[in-house]
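Reading through the structure tokens given below for one structure.
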Amino acid sequence: MFGLLKFKEVLNMDTKKTKSYYKKLSQHDLCDCAYCQNYAHEIRTTYPELTEYLSLLGVDIEKPFETMPLEPDETGYIEYTVLYIVCGKIDDFAKTAVGSVTVDIADSYPSTEIEEPHFVMERYPVRLKWEI
1068 MFGLLKFKEV LNMDTKKTKS YYKKLSQHDL CDCAYCQNYA HEIRTTYPEL TEYLSLLGVD
1128 IEKPFETMPL EPDETGYIEY TVLYIVCGKI DDFAKTAVGS VTVDIADSYP STEIEEPHFV
1188 MERYPVRLKW EI
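Numbering follows our numbering, with no gaps: position 48 of the sequence shown is 1115.
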């Protein structure tokens, strides 16, 4: 489990609204490009600790708001920076690391078209086997 800092982060975030947001997203709402399909297929098993952390915030790791992949490298792996929407306020959020992945507030991203209090978190680098 994650320590006191992670618990403090969750306090000002609306995990119920976040969970509801992700539950309402269907496959039709998600990008169907090969990069995003590969991400959704590989992320949960490759990064179980990150999956657990995001779950505490109400985020479904297989439904990113945005992915920014590089090209697969010579070893068959691909690096991503990934964005997720979280409902609530970021007052007590602090940049953190979950394993080898940095979790931070995104500075630049497309319009979310969400009017309620929310923010966009980014995770980087996420390195996954290219399987598609």
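Where a beta carbon is used, it is the ideal one built from N, C-alpha and C, also for glycine.
Cβ pair residue i, residue j closer than 8 Å
i       : j       : result
Gly1173 : Glu1189 : Note that residue 1173 is Ala in the sequence shown, not Gly. Cβ distance < 8 Å, so Ala1173 and Glu1189 count as in contact.
Pro1136 : Tyr1147 : yes
Val1168 : Val1187 : no
Cys1103 : Thr1142 : no
Gly1166 : Leu1117 : yes
Tyr1089 : Leu1195 : no
Pro1131 : Trp1197 : no
Pick from the options that is closest to residue i, judged by C-alpha positions
i       : options                            : result
Pro1184 : Ile1199, Val1170, Ala1161, Val1153 : Val1153
Asp1171 : Tyr1114, Leu1121, Leu1092          : Leu1121
Gln1094 : Phe1160, His1108, Glu1119          : His1108
Bridge partner(s) assigned by DSSP for residue i
i       : result
His1185 : Cys1154
Val1126 : Val1126 pairs with nothing; no bridge assigned.
Ile1145 : Leu1195
Q | the segment 1174-1187 / the segment 1118-1127 touching (three or more Cβ pairs under 8 Å) | A | no
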